[in-house]
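Student: Right, I'll just put the structure down here and ask away after.
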Amino acid sequence: ELSPNGAVDVDECAPPSAPCMHHCTNTVGSYYCHCRDGFTLEGSTACLATDPVALTFDVARGRYYWADGKGNIYRSDGQQSSTVYTG
1 ELSPNGAVDV DECAPPSAPC MHHCTNTVGS YYCHCRDGFT LEGSTACLAT
51 DPVALTFDVA RGRYYWADGK GNIYRSDGQQ SSTVYTG
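So the sequence shown is numbered by UniProt numbering: it starts at 1 and just counts up by one.
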């Protein structure tokens, strides 16, 4: 996005907007999202596990956890995800 006068690029990746679940790369007038290993981009901003083998929900905390075939465990609150354990 460009500033209202069109002269300065606005960093869409900077907080508090930070639209991407994992990684955000700012470009002139726009941005793009990309995901960590073991995840694929779903839509334009969300990262989903490539091959989840288990899934559980923590309703009280509003989180969900899953594991992949390599023994890695991940956690997400629906906005951001992180690796909890590397197998």
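Just so you know, even glycine gets a beta-carbon here, dropped at the ideal spot from N, CA and C.
My output table needs one value for T45: the three-state DSSP class, helix, strand or coil.
Tutor: Translated into the one-based positions of the sequence shown, residue 45 becomes position 45. Reduced to three states, the DSSP call for T45 is coil.
Student: When the Cα atoms are used, what is the spatial distance from R36 to H22?
Tutor: Numbered from its first residue, the sequence shown carries residue 36 at position 36. Numbered from its first residue, the sequence shown carries residue 22 at position 22. Going by the C-alpha atoms only, they are around 7 Å apart.
Student: Taking DSSP as the reference, what is the three-state secondary structure of H23?
Tutor: Residue mapping note: residue 23 aligns to position 23 of the sequence shown, counting from 1. Strand at H23.
Student: Does the beta-carbon of Y85 have 16 or more other beta-carbons within 10 angstroms, so that it is buried, or is it exposed?
Tutor: For the purposes of this step, residue 85 is taken as the residue at position 85 of the sequence shown. Looking at its Cβ environment, which holds fewer than 16 other Cβ atoms inside 10 Å, Y85 is exposed.
Student: Determine the burial state of F57: buried for a count of at least 16 other Cβ atoms within 10 Å of its Cβ, exposed for fewer.
Tutor: In the sequence shown, the residue the question calls residue 57 occupies position 57. With fewer than 16 other Cβ atoms within 10 Å, it is exposed.
Student: What do you get for S44, buried or exposed, if any count of 16 or more other CB atoms within 10 angstroms of its CB means buried?
Tutor: Translated into the one-based positions of the sequence shown, residue 44 becomes position 44. So S44 ends up on the exposed side.
Student: Using the rule of at least 16 other Cβ atoms within 10 Å of the residue's Cβ for burial, across every protein chain shown, is A49 buried or exposed?
Tutor: Indexing the sequence shown from 1 puts residue 49 at position 49. Looking at its Cβ environment, which holds 16 or more other Cβ atoms inside 10 Å, A49 is buried.
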